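So the structure is just underneath, and the comments pick up after that.
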Ligand SMILES: [Ca+2]
């Protein structure tokens, strides 16, 4: 209910920070985007009932892609997606999204790309029978969209570059088997 108030406070802090720290990262349109302290993250999500968004169970990050904390965070899950900040993940900066509810079925998982990842994704891979993905430019599977699919024995979807239409625009994904 108090979202407008919170939003105003956030804007106030952002403006203050911009004055105090003229060298801090801010995009040309004024959004302050903190750089990620760690470039490799594991985000674990669960299935959502009735078409809702998949709840996030944990997010764990590290500067080391082989760190034990990332391995532990991914235990007993399946790898659903890898999100790339840059096309074909060069230079490398990625988040792996893992699912607690097994491989994709026809309903799959519905993911929010928020925080650092909002409007940053330039490419992705999808695994665990998630061979169809739709990317949307708004958070709850709405707005402009594009669907990608791959029909290979791997039942995966390797989309190192999302293309010019959705580059740096995706804020949510619906991934499923199709
Ligand atoms: Ca990008």
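Numbering (my numbering), first residue to last: 46 to 223. Cβ atoms here follow ideal geometry from the backbone N, Cα and C, with glycine treated the same way. Remember, predicted model here, so these are calculated numbers, not experimental data.
- The segment 122-133 makes no contact with the segment 184-199: fewer than 3 CB pairs, one atom from each, lie closer than 8 Å.
- Non-local beta-carbon contacts of residue 106 in its own chain, meaning distances under 6 Å to residues more than five positions away in sequence, involve 83, 86 in chain order.
- Residue range 113-118 is occupied by the alpha helix (DSSP H) that includes residue 118.
- Here the residues close to ligand 1, judged by CB distance below 7 Å to any of its heavy atoms, are 130, 131, 165, 166, 167, 212, 213 in chain order.
- Fewer than three pairs of CB atoms, one per stretch, sit closer than 8 Å, so the segment 198-205 makes no contact with the segment 98-114.
- Residue burial is scored here from C-beta neighbours: residue 116 has fewer than 16 other C-beta atoms within 10 angstroms and is therefore classed as exposed.
- Taking 8 Å as the cut-off, the beta carbon of residue 223 is found closer than this to the beta carbon of residue 176.
- In this model, residue 142 and residue 164 are separated by some 17 Å (Cα to Cα).
- Apart from sequence neighbours up to five positions away, the residues of its chain that approach residue 138 with a beta-carbon distance below 6 Å are 84, 130, ordered along the chain.
- Note on the segment 149-219: whole beta strand (DSSP E) runs with a minimum of 3 residues are 154-157, 168-171, 177-183, 187-194, 202-204, in chain order.
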